[in-house]
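Colleague: Take 1 as the starting number for the sequence shown in the UniProt record's numbering and just add one per residue.
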Amino acid sequence: MPALSWSVLLLVLAAAALHAGWNTAVKRAGSAERATARICVGGILIAFAALPFIPWPAAAAWPFLAGSVAVHIAYFALTAAVYARADLSVAYPMMRGGGVMVTALLAPFIFDDPLPWPGLVGIGCVGLALAGLAFGGGRGAFGARGLPFVLANALMIGAYSLLDGLGARASGAPLSYTILVFSLGAFGNLALIAARDGIASLRPLLGARDLALALLGGACCIGSYALVLTAMTLAPVALIAALRETSMLFAAGFAAVILHEKVGRRRLAAALLVAAGAVAIKLT
């Protein structure tokens, strides 16, 4: 597996910006669950429009796809639960950082991706930076019982990163694989909401304004993950998963400027450490 090229680096940075953007939109919404459901609707509509025109994943990828869909259903539900209870600038780095640590620790044993020492240093820097960003906000940044949801979602992120790294490589069609994973996971999440609250609870999402926001959110979410999975077919999975966490730089900025959350010196210093880790990864 070759080292990172500049084109792969740009793919992952674009994915990071898109991912931080849709998470900011969920947090900014009056109802995190409604915002997540809206993104799910948009993703499903995009999938229906795109799938007839793109190749289907190879059969070898379907077991990984099925596992990832199950994990994504839990991920969507947990994301809504987290942002109903915690600040973006605290919850986002803890979830993403926990996912990176799960991926970094297990990926070398699952993939044929030995990590040279600069990559290990970079992953370590990213992990330390994310911890600094998370704990810089203090305990007051969490609502009641927020931490268990954050940690559970970190495990989900690590799980789907590993499953989708395997699935994207086996699929021969990373974009198709991404669209199927996202849309089936989104459908499962909407089915859970409908089973709990009734199908009528989903009808407001089909209004003109909500539908436009749904399509934008779904495009950002699918686009972000498609770029990452494409990069995972071109470079070591653990390095891609760590480099993607430069989304912390975008999330910290969005939290301060859009959400008006307090981002102190510790978080700014940790954001710079994320950048240093990304440079170490790029030099691998």
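Glycine included, every Cβ here is placed at the ideal spot set by N, Cα and C. Fair warning: this is a prediction, and the values are worked out from it, not measured in the lab.
Relative to the alpha-carbon of Pro93, which residue among Val263, Ile258 and Met248 has its alpha-carbon at the smallest distance?
Modeller: Here the closest residue by C-alpha is Met248.
Colleague: Does the segment 46-58 come within contact of the segment 194-206, defined as at least 3 CB pairs closer than 8 angstroms?
Modeller: Because the criterion of three Cβ pairs below 8 angstroms is not met, the segment 46-58 and the segment 194-206 do not touch.
Colleague: Roughly how many angstroms separate the alpha carbons of Met95 and Ala107, rounded to a whole number?
Modeller: Each residue's alpha carbon lies about 18 angstroms from the other.
Colleague: What are the boundary residues of the alpha helix (DSSP H) that includes Phe111?
Modeller: Run containing Phe111: none; DSSP gives neither H nor E here.
Colleague: Within the UniProt domain "EamA" (146-281), note down every full alpha helix (DSSP H) run reaching 4 residues or more, in order along the chain.
Modeller: List check, alpha helix (DSSP H) in window: 146-171, 174-197, 208-232, 237-243 and 247-257.
Colleague: Do Val100 and Ala242 have their C-beta atoms closer together than 8 angstroms?
Modeller: Yes, they are a contact pair.
Colleague: Check Ala37 in the structure and name its three-state DSSP category.
Modeller: Helix at Ala37.
Colleague: Taking three-plus beta-carbon pairs below 8 angstroms as touching, is the segment 78-93 in contact with the segment 147-157?
Modeller: Counting Cβ pairs under 8 angstroms, three or more are found: they touch.
Colleague: With Pro116 as the anchor, note down where its alpha helix (DSSP H) starts and where it stops.
Modeller: First-last for Pro116: undefined, no H or E at that position.
Colleague: Taking the C-alpha atoms as reference points, what is the distance between Gly277 and Arg209?
Modeller: For Gly277 and Arg209, the distance between alpha carbons rounds to 40 angstroms.
Colleague: Please report the straight-line C-alpha distance between Ile123 and Leu239, rounded to a whole angstrom.
Modeller: C-alpha separation (whole angstroms): 7 angstroms.
Colleague: How about Leu227 and Ala15: do their beta carbons lie closer than 8 angstroms?
Modeller: Yes.
Colleague: Please go through the same chain and pick out, in chain order, the residues whose beta-carbon is closer than 6 angstroms to the beta-carbon of Val8, but skip the five residues on each side of it.
Modeller: These residues qualify, in order along the chain: Ala231, Leu234 and Ala235.
Colleague: If you compare alpha carbons, which of Pro204, Ala255 and Val102 is closest to Gly158?
Modeller: Nearest C-alpha to Gly158: Val102.
Colleague: Less than 8 angstroms between C-beta atoms, sequence neighbours within five positions excluded: which residues of the same chain meet that for Ser176?
Modeller: Excluding sequence neighbours, Ser176 sits near Leu51, Ile54, Pro55, Trp56 and Pro57.
Colleague: With 16 as the cutoff for other CB atoms within 10 Å, does Arg203 come out buried or exposed?
Modeller: With fewer than 16 other Cβ atoms within 10 Å, it is exposed.
Colleague: Which residue marks the beginning of the alpha helix (DSSP H) containing Trp6, and which one marks its end?
Modeller: From DSSP, the alpha helix (DSSP H) with Trp6 extends over Trp6 to Arg28.
Colleague: If you reduce the DSSP assignment to three classes, tell me which class Trp56 lands in.
Modeller: Trp56: coil per DSSP, three-state reduction.
Colleague: Compare the C-alpha of Ser161 against each of Ser89, Val237, Leu10 and Ile179 and name the closest.
Modeller: When only C-alpha atoms are compared, the closest one is Val237.
Colleague: Is the segment 18-37 close to the segment 165-181, with three or more CB pairs under 8 angstroms?
Modeller: Not touching, per the Cβ criterion.
Colleague: Using only CA atoms, which one of Ala191, Tyr225, Ala200 and Ala186 lies nearest to Ala214?
Modeller: For Ala214, the nearest C-alpha among the options comes from Ala186.
Colleague: Is Ser31 helix, strand or coil when you go by DSSP?
Modeller: Coil.
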